Amino acid sequence: MRRQEAEARFAALYADTFDRLLAYALRRVDEPERAADVVAETFLVAWRRLAEVPPGDDARLWLYGVARRVLANDRRGRARRQRLGQRLRDELPRAVPDHADRLAATATVRAALDRLREADREVLTLTVWEELEPREVAIALDLPVGTVRARLSRARARLRDELGDAWGADAPGVGRHDPGPPGHEPGDSDTHQPRPRGGGDR
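Under this note's numbering, think of the first position of the sequence shown as 25, with each following residue one higher.
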């Protein structure tokens, strides 16, 4: 079937069946938007398989069959999303404790972080927020591990200066990782240690 003929046949099919197909979907879902999505997906299938669409009124019945399968897929997907949503709601309180009483402290820490150099801040936040080891940060940022440790040490020192007396209470976990081996000073860059590539350092 030539493209022009296919488009003409599809246009006629759409005009003849759209209203009934939409009514079919609306009677089976509780949201007009979902019904519209079902109809759109059904006609997309019809266009892709136009050669299989029977002539006459049988075309409408064929579309009903397609719509039934689209609806079934929609329900399964919706059920999966609902189950996932419920799991997330169940897990969220355990994964993310309620920090409402610490909002002020969080704002203080964020403001202090914003005053750090971007390179130092990135290393520090990957270490603390994402709980990465220096070796993993080095892989993520494509840096030598020694450079990561030096930046981490410098970032902690500067953040400690920014927070002052609030360091211990407002920045929990910031000092969790060892910044580096003895002899590393803030600002040092380890130019002798090769950058990790691939999974060789894992």
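From the three backbone atoms N, C-alpha and C, an ideal C-beta is built for every residue, glycine too. On a predicted model such as this, the values are computed, not experimentally measured, just so you know.
Would residue i and residue j be called neighbours here (beta carbons separated by less than 7 Å)?
{"i": "residue 78", "j": "residue 86", "result": "yes"}
{"i": "residue 186", "j": "residue 145", "result": "no"}
{"i": "residue 45", "j": "residue 83", "result": "no"}
{"i": "residue 148", "j": "residue 156", "result": "no"}
{"i": "residue 162", "j": "residue 169", "result": "yes"}
Which of helix, strand or coil does DSSP assign to residue i?
{"i": "residue 16", "result": "Since the first residue of the chain shown is 25 and the last is 226, residue 16 is not available in this structure."}
{"i": "residue 87", "result": "helix"}
{"i": "residue 109", "result": "helix"}
{"i": "residue 148", "result": "helix"}
{"i": "residue 63", "result": "helix"}
{"i": "residue 102", "result": "helix"}
{"i": "residue 53", "result": "coil"}
{"i": "residue 81", "result": "coil"}
{"i": "residue 212", "result": "Confidence at residue 212 is low in this model, with a pLDDT of 42, below 50, so the placement of that residue is unreliable and no value is reported for it."}
{"i": "residue 140", "result": "coil"}
{"i": "residue 73", "result": "coil"}
{"i": "residue 114", "result": "helix"}
Which residue marks the beginning of the alpha helix (DSSP H) containing residue i, and which one marks its end?
{"i": "residue 180", "result": "169-187"}
{"i": "residue 43", "result": "27-50"}
Report, in whole angstroms, the separation of the C-beta atoms of residue i and residue j, which I expect to be a contact under 8 Å.
{"i": "residue 90", "j": "residue 70", "result": "7 Å"}
{"i": "residue 50", "j": "residue 59", "result": "5 Å"}
{"i": "residue 30", "j": "residue 74", "result": "6 Å"}
{"i": "residue 98", "j": "residue 63", "result": "About 11 Å separates the two Cβ atoms, so there is no contact after all."}
{"i": "residue 143", "j": "residue 175", "result": "6 Å"}
For residue i, I'd like the list of residues in its chain whose CB is within less than 6 Å of its CB, leaving aside the five on either flank, ordered along the chain.
{"i": "residue 53", "result": "59"}
{"i": "residue 136", "result": "183, 186 and 187"}
{"i": "residue 27", "result": "none"}
Enumerate in chain order the residues of its own chain whose CB-to-CB distance from residue i is below 7 Å, with the five nearest sequence positions on each side excluded.
{"i": "residue 124", "result": "With a pLDDT of only 45 at residue 124, under the threshold of 50, the placement of this residue in the model should not be trusted; the figure read from the coordinates follows. So no residue of the chain qualifies."}
{"i": "residue 48", "result": "88 and 91"}
{"i": "residue 41", "result": "83, 84 and 87"}
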